[in-house]
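Protein chains in written order, with this note's numbering: chain A, 56 to 310; chain B, 1268 to 1447.
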């Protein structure tokens, strides 16, 4: 089960994807995103994973995690990486330009009619009506990443990891970059830990490769391991998280 | 000359210190734009922000484009946008290349798995925040109504998000404009 959910090999997409598809996707996500950078995530995913199949969800998840861990606007980081992934350096540059140019120019051109637009009830109503749609898209995406985590890690370990992430990112207010870093650090040894523990518990039966026999022990072993690492990770993250929050002004930003 | 160097530096600082996407960099941009370099007054900045929110696309680049153009014309716009976009985009590409090189390794496969619960939770929190914001703006009934219809359209009917957003615009312009 664990083996089945491994990240797919890099898809050879470069030759198949037309410039047109890339640029249209970036233009579309640029002009249909309302409510700031994060609202672009579901739209980008729709283009990159669903519509044009440039990559699998796992890779898109990594991009979102790293984009969240790095400073600066999310949307342009995603646009740049998708462009780079599909068409190299020039792809990255053009993807960003097409994504941000329409709204950047509109800002300058609308300079004169700034105030009319600002006070228009119709515009205010339109923008207010889009917010619930964005909320639904983000919610659906959250569910799908949660379900995917559950398939990959086993539901018990995934639930522990979800809970841990929720406590760290929510009430504990730990800096997202630190939470992502902690997940990556433990993730880099996760499979080795699972293998080692499984081999020890199952003894000779470990190599049988039969699904039913392997899944159950993996889950319990992984769950136990998650419990052990909980205290240590959290303590360290808390400490560093306060430093991070102090310097970056993340607290007011995330509300 | 100095102007666009200042633009480059000001927007670089604001964006390198801002985590959590464009909206979280707004206070940092304000610090540079209003307080440090005094390109705009607080009132002007509030107007730029209001118009920026009324337009689609990332907020940070809209502010950068506008302020850059105001201060130093097209070279200023370019400087402010480059400072906003390039450093962190390069960072992401570099990180992803590193991951891609070891794509098949157990370490990276484990990282991919463990990052997913974190993403899911980040998205849940974003969903919650935006949901609260929306409920405050239009009330719980309007929110639930629009949310239910868009859930049906997106998940059951699998309609492209752009069309769902256009439909929401139409509804908002025709109906919600009498509420807000």
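Where a beta carbon is used, it is the ideal one built from N, C-alpha and C, also for glycine.
6 Å Cβ shell around residue 104 of chain A - same chain, five flanking residues per side excluded: Cβ neighbours of residue 104 of chain A beyond the five flanking positions: 112 and 115.
Give the DSSP-derived three-state secondary structure of residue 1323 of chain B in the structure shown. In this structure, DSSP gives residue 1323 of chain B a state outside helix and strand, which the three-state scheme calls coil.
By Cβ distance below 7 Å, which residues in the same chain neighbour residue 282 of chain A in space, the five residues on each side in sequence not counted? With a pLDDT of 38 at residue 282 of chain A, under the threshold of 50, the predicted position of this residue should be treated as unreliable, though the coordinate-derived value follows. Sequence-distant Cβ neighbours of residue 282 of chain A in its own chain, meaning closer than 7 Å and more than five residues away, are 215.
For residue 193 of chain A versus residue 1390 of chain B, is the C-beta distance shorter than 8 Å? Against a cut-off of 8 Å, the Cβ pair of residue 1390 of chain B and residue 193 of chain A comes out as a contact.
Any idea what DSSP makes of residue 230 of chain A, helix, strand or coil? In this structure, residue 230 of chain A counts as coil in the three-state DSSP scheme.
Given a cut-off of 8 Å on the beta-carbon distance, is the pair residue 88 of chain A and residue 79 of chain A in contact? Taking 8 Å as the Cβ cut-off, residue 88 of chain A and residue 79 of chain A do not qualify as a contacting pair.
On the criterion of 16 or more Cβ atoms from any shown chain inside 10 Å, does residue 1282 of chain B qualify as buried, or is it exposed? Buried: at least 16 other Cβ atoms inside 10 Å.
Could you work out which residues of chain B lie near residue 107 of chain A, taking near to mean beta carbons separated by less than 9 Å? Simply none; closest approach about 13 Å.
Compute the minimum distance between the beta carbon of residue 1365 of chain B and the heavy atoms of the ligand COA, and state whether it is under 7 Å. Absence of the ligand COA from the depicted structure is noted, as is the absence of any ligand whatsoever, leaving it without description.
Using three-state DSSP, classify residue 116 of chain A as helix, strand or coil. When secondary structure is reduced to three states using DSSP, residue 116 of chain A falls in the helix class.
Is there a C-beta anywhere in chain B that falls below 8 Å from the one on residue 255 of chain A? Interface with chain B (8 Å Cβ-Cβ cutoff): residue 255 of chain A is excluded.
If you follow the alpha helix (DSSP H) that residue 1436 of chain B is in, where does it begin and where does it stop? Counted as a single uninterrupted DSSP element, the alpha helix (DSSP H) harbouring residue 1436 of chain B occupies residues 1428-1441.
Start and end residues, alpha helix (DSSP H) containing residue 1384 of chain B: Taken as a continuous stretch (DSSP letters only), the alpha helix (DSSP H) holding residue 1384 of chain B covers 1373-1405.
Against residue 196 of chain A, what residues of chain B qualify as contacts under a CB-to-CB distance less than 8 Å, listed in chain order? 1390, listed in chain order.
Strictly under 8 Å for the Cβ-Cβ distance: is residue 1406 of chain B near chain A by that measure? Not one chain A Cβ lies under 8 Å of residue 1406 of chain B.
Need the endpoints of the alpha helix (DSSP H) that residue 194 of chain A sits in, please. First-last of the alpha helix (DSSP H) with residue 194 of chain A: 176-208.
Output needed in chain order: residues of the segment 123-147 of chain A with a Cβ under 7 Å from some Cβ in chain B. Correct list: 123, 125, 126, 127, 128, 129, 130, 131, 132, 135, 136, 139 and 147.
Are residue 147 of chain A and residue 1321 of chain B closer than 8 Å when you measure CB to CB? No, the pair does not count as a contact, with Cβ atoms beyond the cut-off.
Using the rule of at least 16 other Cβ atoms within 10 Å of the residue's Cβ for burial, across every protein chain shown, is residue 226 of chain A buried or exposed? Counting every other CB atom within 10 Å of its CB across the protein chains shown gives residue 226 of chain A a total below 16, marking it as exposed.
Please list the partners that residue 229 of chain A has in chain B, where partner means a Cβ-to-Cβ separation under 8 Å. The premise fails here: residue 229 of chain A is roughly 11 Å from chain B at the closest Cβ pair, so nothing lies under 8 Å.
What residue does the alpha helix (DSSP H) around residue 75 of chain A start on, and which one ends it? Counting along the chain, the alpha helix (DSSP H) containing residue 75 of chain A begins and ends at 74-87.
From A:121, A:230 and A:163, residue whose alpha carbon lies closest to that of residue 1340 of chain B: The option with the nearest alpha carbon to residue 1340 of chain B is A:163.
Could you give the distance in angstroms between the alpha-carbon of residue 280 of chain A and the alpha-carbon of residue 207 of chain A? Reliability fails at residue 280 of chain A, whose pLDDT of 39 lies under 50, so the model's placement of it is uncertain and the value that follows must be treated cautiously. When rounded, the distance between both Cα atoms is 16 Å.
Cβ pair residue 191 of chain A, residue 1367 of chain B closer than 8 Å: No; because the gap between Cβ atoms is not below 8 Å, this pair is not in contact.
My output table needs one value for residue 1303 of chain B: the three-state DSSP class, helix, strand or coil. Correct three-state label for residue 1303 of chain B: helix.
Would you mind reading off the limits of the alpha helix (DSSP H) that contains residue 154 of chain A? For residue 154 of chain A, the uninterrupted alpha helix (DSSP H) run begins and ends at 129-164, by DSSP.
Counting pairs of beta carbons, one from the segment 174-192 of chain A and one from the segment 1397-1405 of chain B, are three or more of them closer than 8 Å? Taking a cut-off of 8 Å for Cβ pairs, the segment 174-192 of chain A and the segment 1397-1405 of chain B touch, as three or more such pairs fall below it.
Look up residue 93 of chain A in the DSSP assignment and say whether it is helix, strand or coil. Residue state, collapsed to three classes: helix.
Taking all protein chains shown into account, decide if residue 1376 of chain B is buried (16 or more other Cβ within 10 angstroms of its Cβ) or exposed. Residue 1376 of chain B comes out buried.
At a CB-CB cut-off below 7 Å, which residues of chain B make contact with residue 203 of chain A? Correct list: 1383.
Name the residues in the segment 209-224 of chain A whose C-beta lies less than 7 Å from a C-beta of chain B; which are they? From the segment 209-224 of chain A, only 213, 216, 217, 220, 221 and 224 have a Cβ closer than 7 Å to chain B.
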